[in-house]
Amino acid sequence: MDPALVHHYFGSKDQLLVAALKLPVNPRDVLPELLDGPVEGIGERLLRRVLSVWAGDLETGGHMIGLIRASITHEDAARMMREFFTREIIGRLVEELEVPQPRLRVGLVASQLMGLAMARFIVRMESIASADSETLIACYAPTIQRYLTGPLPGDHAARPGRAKTRGRRVLLA
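Counted the way our numbering counts, the sequence shown spans residues 95 to 267.
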């Protein structure tokens, strides 16, 4: 497809992917929802939203799960998944948080979400596949939260303390 047509009709390749996947919500529209509330709950809000999209995706044919499956064996699908997660979903969130090592944080959060998707929907690991959403949130959200806002090895600019918000920005105190 001509890049000019993609830009004219969809705005970007990422938005074309959102349309092709028939996602029930545009990830760009979810960002304010994720940022609304205490920073300490952002991992839980992200995971809760992702699980709700995946549940709806299964009801509508599993487009996102299909792309995850394809990404295992097809480099183009893997590239689309990487770009989509790093730019449209987690990347925008981490950018708003203004935390050290944003690229590492994006990768860490993406690895948790992709691992959960693989275990739950593709490999169908029984304990994960049959777990209710609240159990998964209780188990995964603290790790996702730490990856998003907690100190990481190599955070030279980070000082000990808790993340605080001023407006929508997160500051390490």
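A virtual CB, placed ideally from N, CA and C, is assigned to each residue, including glycine. Computed from a predicted structure; not experimentally measured.
Around the C-beta of Ser165, 16 or more other C-beta atoms lie within 10 Å, and the residue is accordingly described as buried. Between Pro194 and Asp130, the CB-CB gap reaches or exceeds 8 Å.
Less than 8 Å divides the Cβ of Arg199 from the Cβ of Leu242. Here Met219 is exposed, its C-beta having fewer than 16 other C-beta atoms within 10 Å. Between Ile136 and Met212, the C-beta spacing is not below 8 Å. Annotation note: the segment 186-265 contains the following uninterrupted beta strand (DSSP E) runs of length 3 or greater, listed N- to C-terminal: 257-260. In this chain, the alpha helix (DSSP H) harbouring Thr167 covers His157 to Thr167. From the listed residues Leu128, Leu246 and Pro245, the smallest Cα separation to Gly185 is found for Leu128. Looking at the backbone, the Cα of Pro236 and that of Glu138 are separated by about 7 Å. With respect to the 8 Å criterion, Ser221 and Leu145 are not classified as neighbours on the basis of their beta carbons.
The straight-line gap separating the alpha-carbon atoms of Val188 and Ile231 is approximately 19 Å. Rounded to the nearest whole angstrom, the CA to CA distance from Trp148 to Gly201 is 20 Å. As the crow flies, the alpha-carbon of Asp170 is around 11 Å from that of Glu177.
In this structure, Ala204 lies away from Arg214, with their beta-carbon atoms at least 8 Å apart. Annotated three-state conformation of Asp170 is helix, per DSSP.
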